[in-house]
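Count the sequence shown with this note's numbering and you get residues 132 to 488, in order.
All residues carry an ideal CB built from backbone N, CA and C; glycine is no exception.
Bear in mind the structure is a predicted one, so any value in this text is a computation, not a measurement.
Report on the following structure.
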Amino acid sequence: MSVTVNFDTVLHNNKAIILVQFEKDATMIARLRQKFPAARWSNTHKSWYVPDTDTNRSALGIAPKLAGKDVLVKISIENQHALQRLVEQLQLKAYSPSTIRTYTIEFAQLLYVLKSFEVQNLDAERLRAYFLYCINTLKVKEAQLHSRLNAVKFYFEQVLGRPKFMVAIPRPKKPQTLPKVLSTKDIERLFVQTQNDKHLLMLQLCYGMGLRVSEIVRIKVPHIDSDRMQVMIAAAKGKKDRYVPLPQSVLIPLRRYYLAYKPKDYLFEGQDGGQYAIRSVQAVFKNAMRKARIRKQVGIHGLRHSYATHLLEYGTDISFIQKLLGHNDIKTTQLYTHVAQTDLAKIVSPLDKLKEQ
Numbered sequence: 132m133s134v135t136v137n138f139d140t141v142l143h144n145n146k147a148i149i150l151v152q153f154e155k156d157a158t159m160i161a162r163l164r165q166k167f168p169a170a171r172w173s174n175t176h177k178s179w180y181v182p183d184t185d186t187n188r189s190a191l192g193i194a195p196k197l198a199g200k201d202v203l204v205k206i207s208i209e210n211q212h213a214l215q216r217l218v219e220q221l222q223l224k225a226y227s228p229s230t231i232r233t234y235t236i237e238f239a240q241l242l243y244v245l246k247s248f249e250v251q252n253l254d255a256e257r258l259r260a261y262f263l264y265c266i267n268t269l270k271v272k273e274a275q276l277h278s279r280l281n282a283v284k285f286y287f288e289q290v291l292g293r294p295k296f297m298v299a300i301p302r303p304k305k306p307q308t309l310p311k312v313l314s315t316k317d318i319e320r321l322f323v324q325t326q327n328d329k330h331l332l333m334l335q336l337c338y339g340m341g342l343r344v345s346e347i348v349r350i351k352v353p354h355i356d357s358d359r360m361q362v363m364i365a366a367a368k369g370k371k372d373r374y375v376p377l378p379q380s381v382l383i384p385l386r387r388y389y390l391a392y393k394p395k396d397y398l399f400e401g402q403d404g405g406q407y408a409i410r411s412v413q414a415v416f417k418n419a420m421r422k423a424r425i426r427k428q429v430g431i432h433g434l435r436h437s438y439a440t441h442l443l444e445y446g447t448d449i450s451f452i453q454k455l456l457g458h459n460d461i462k463t464t465q466l467y468t469h470v471a472q473t474d475l476a477k478i479v480s481p482l483d484k485l486k487e488q
């Protein structure tokens, strides 16, 4: 006679576990403990359980944990309305599509764990246990945990109108990482290895104007004012417009590009028209890095970091750099002072002093 086994995933003492439920059977218990040495009995759940890991899920024939947008289709009926209300409130407050997408996915992670338990009935202690589960079991990094906290906070404060609900849940300290930059020699090698005129101009403008990749693909032809030698960066981060100087060195290549490609709306358009894909620009940069044999772990955003750092090294006032980058807080811009070699280059190591003696 076969034993019927059921599985369930729950939080137990702030840890994710898989309940292995079956009628009391000595042979089944022995087999379970042999296959899973970490198996334990829970008096609370009246069931055997094992840690909720991908390895254990695979061994038990349970689907792996969901991540990203896949989780959206697994939200219970009881919580689908809450997810919809979150999206609607974000839209009413005119949040950007990328922020709406991030908040939706991060909030959905909580709803997936809750299953049929309605999110509006959560108390602060259970929510605290959920974030401990994110840290200890899911190993969510600080940056993503901040996004998840923001999404949940938005729901309770902006949708349910509970402004003090999450006061007792502290935010993790963000690591103080410095911007990753390329040297001027690296930049030159990068450009030399980019043979396609369109791709080269993209990279040159990213570096030469300190643009985010999302900003380079949104530049429209009318935004470029060659008489005043400036470009309007419209609806950038925070939905703010700003002007940046157009580098003199790209004026002729820019005119040559316009005559060759004849863009209709956006400066850089895809094969079928419309805005050039961000991923395609990232791929252009990655390919150029590979051809230039630059081994540094730097993404295309490193061109923006390099622009700010090099300006600082050339003696540009940091308040001007703040305006060019579109930073709200000067503290964000001041990070580049820790990277620039303006003062560091003057420091002589004690080791070198010893060798001079």
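Check	Outcome
Helix, strand or coil at Asn459 [DSSP, three-state]	coil
Where Met360 falls, given that 16 or more other Cβ within 10 Å makes a residue buried	exposed
Buried/exposed call for Leu321, threshold 16 Cβ in 10 Å	buried
Range covered by the alpha helix (DSSP H) that runs through Val344	Val344 to Ile347
CA-to-CA distance, Thr175 to Ala366, given in whole angstroms	54 Å
Segment contact, 8 Å Cβ cut-off, at least three pairs: the stretch 432-450 with the stretch 299-315	yes
Rounded straight-line distance, which links the Cα of Arg373 to that of Lys454	8 Å
Closer than 8 Å: Thr235 CB and nearest the ligand MG heavy atom	This structure does not include the ligand MG; it has no bound ligands of any sort.
Reference Leu377, options Lys393, Tyr407, Cys337 and Arg410, closest by Cα	Cys337
Assigned secondary structure, His143 (DSSP; H/G/I helix, E/B strand, else coil)	strand
Whole runs of the alpha helix (DSSP H) within the stretch 280-340, excluding any shorter than 4 residues	315-323 and 328-340
Environment of Trp172 [buried if 16+ CB atoms lie within 10 Å]	exposed
Exposure label - Glu524; buried when at least 16 CB within 10 Å	There is no way to answer for residue 524, as the model of the chain reaches only from 132 to 488.
The stretch 326-343 contacting the stretch 410-421, beta-carbon criterion three pairs below 8 Å	yes
For Val141, the nearest candidate out of Val151, Val134 and Thr135 (CA to CA)	Val151
Range covered by the beta strand (DSSP E) that runs through Val375	Arg373 to Pro376
Start and end residues, alpha helix (DSSP H) containing Ser178	Per DSSP, Ser178 belongs to no alpha helix (DSSP H); it is in the beta strand (DSSP E), Ser178 to Pro182.
Residues near Tyr264 in its chain [Cβ-Cβ closer than 8 Å; skip 5 each side]	Leu142, Asn145, Lys146, Ala147 and Val244
Per-residue DSSP class, three states only, for Asn252	helix
The stretch 290-300 in contact with the stretch 249-263 per 3-pair CB rule at 8 Å	yes
Arg162 versus Asp156: straight-line alpha-carbon distance, rounded	10 Å
Cβ pair count under 8 Å reaching 3, the stretch 391-409 against the stretch 344-351	yes
Span separating the alpha-carbon of Ala471 from that of Gly341	16 Å
Straight-line Cα distance separating Lys329 from Arg424	21 Å
Beta-carbon proximity check, Gln240 vs Phe285, cutoff 9 Å	no
Unbroken alpha helix (DSSP H) run spanning Ile236, endpoints	Pro228 to Leu245
Alpha carbon of Thr468 to alpha carbon of Phe287, nearest angstrom	38 Å
Whether Leu253 touches Ser207 by CB criterion (9 Å)	no
Nearest candidate by alpha-carbon position, reference Ser314, set Val429, Leu466 and Ile236	Val429
Segments of 3+ residues assigned as beta strand (DSSP E) that fall wholly inside the stretch 398-435	none
Exposed unless 16 or more other CB atoms sit within 10 angstroms - verdict on Gly446	exposed
Euclidean distance between Cα positions of His458 and Ala282	23 Å
Nearest to Glu237 (by Cα), restricted to the options Lys224, Val271 and Tyr392	Val271
CB contact flag (Tyr180, Ile149, <9 Å)	yes
Pro306 to Glu273 span [Cα, whole Å]	8 Å
Close-in-space but distant-in-sequence residues of the same chain around Arg386 (CB under 6 Å, 5 per side omitted)	none
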